[in-house]
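First up is the structure itself, then whatever we jot down about it.
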Amino acid sequence: MSHILILQGHPDTSEQHFCHALADAYAAGALKAGHTVERLEIARIEVPRLQSQKEQESSAVVPDIANAQTLLKAADHVELVFPLWMGGMPSLVASFLEQVLRPGYAYDGTGPAMKKLLRGRSMRLVYGSHSLKAWKVGALGFVGFRPIRASLVGNVAEADVSAHTNWLKEMEALGAGAR
1 MSHILILQGH PDTSEQHFCH ALADAYAAGA LKAGHTVERL EIARIEVPRL QSQKEQESSA
61 VVPDIANAQT LLKAADHVEL VFPLWMGGMP SLVASFLEQV LRPGYAYDGT GPAMKKLLRG
121 RSMRLVYGSH SLKAWKVGAL GFVGFRPIRA SLVGNVAEAD VSAHTNWLKE MEALGAGAR
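Just so you know, we're using full-length UniProt numbering here: the sequence shown kicks off at 1 and counts up by one.
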């Protein structure tokens, strides 16, 4: 059985959104299948914005980011759920990834000798567009996540109840398979 980390990336904590329902369905399927599940709601932790290369190369992180790194290292599989804002992932999610995927933690060295320190983990991105190939191929693949799968959940506000139900069933089935 797999140890799964679900990262909830919706920045709005004032109410529940469809991203939360998708993560809940995934978790339900995973738990039903016997997997262990941990969850982290990115909007409820401190995520400082990196402002220089010197900061990015520093191993010093705030306690919430250190905890997220511990959860990530313990996971066999990661599900990252977020809405599409302004054509891409919300800046909070991008900042979170910049914080947790630091040199010395996520990778070591450069060039052909670079070590991908998160190798051996798989990831599923659940988002509202096909436009995030740069993250899939770039940062996440760069540090060793393989395979990286994606689920398109588009036009949520315009979709009818049956589309929402189908997406939730799909997430539950994916959770059961830790995929």
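Yeah, the Cβ is synthetic: ideal placement off N, Cα and C, and Gly gets one too.
These numbers were taken from a predicted model, which means no experiment stands behind them.
Buried versus exposed call for residue i [16 or more other C-beta atoms within 10 Å across all chains shown]
{"i": "arginine 102", "result": "buried"}
{"i": "aspartate 160", "result": "exposed"}
{"i": "aspartate 108", "result": "exposed"}
{"i": "proline 90", "result": "buried"}
{"i": "glycine 9", "result": "buried"}
Residues near residue i by beta carbon distance below 6 Å, same chain, minus five either side
{"i": "glutamate 57", "result": "Pro103"}
{"i": "glutamate 98", "result": "Leu50"}
Candidates the options, of which the one nearest residue i by Cα
{"i": "phenylalanine 82", "options": "Val156, Lys116, Thr36 and Asp64", "result": "Val156"}
{"i": "glycine 144", "options": "Ala150, Thr13, Leu118 and Ala159", "result": "Leu118"}
{"i": "glycine 175", "options": "Ser151, Arg146 and Asp12", "result": "Ser151"}
{"i": "glutamate 170", "options": "Gln53, His10 and Ala28", "result": "Ala28"}
Cβ shell of residue i (< 7 Å), same chain only, five flanking positions each side left out
{"i": "leucine 140", "result": "Met123 and Ile148"}
Residues bridged to residue i (per DSSP)
{"i": "aspartate 108", "result": "Lys115"}
{"i": "serine 2", "result": "Per DSSP, none; premise fails for serine 2."}
Integer Cβ distance of residue i from residue j, believed to fall under 8 Å
{"i": "leucine 5", "j": "glutamate 38", "result": "5 Å"}
{"i": "alanine 75", "j": "arginine 44", "result": "So it is not a contact: roughly 18 Å between Cβ atoms."}
{"i": "leucine 168", "j": "leucine 22", "result": "7 Å"}
Residue i CB to nearest heavy atom of the ligand PLP below 7 Å
{"i": "alanine 25", "result": "Among the components modelled here there is no ligand, and therefore nothing to report on the ligand PLP."}
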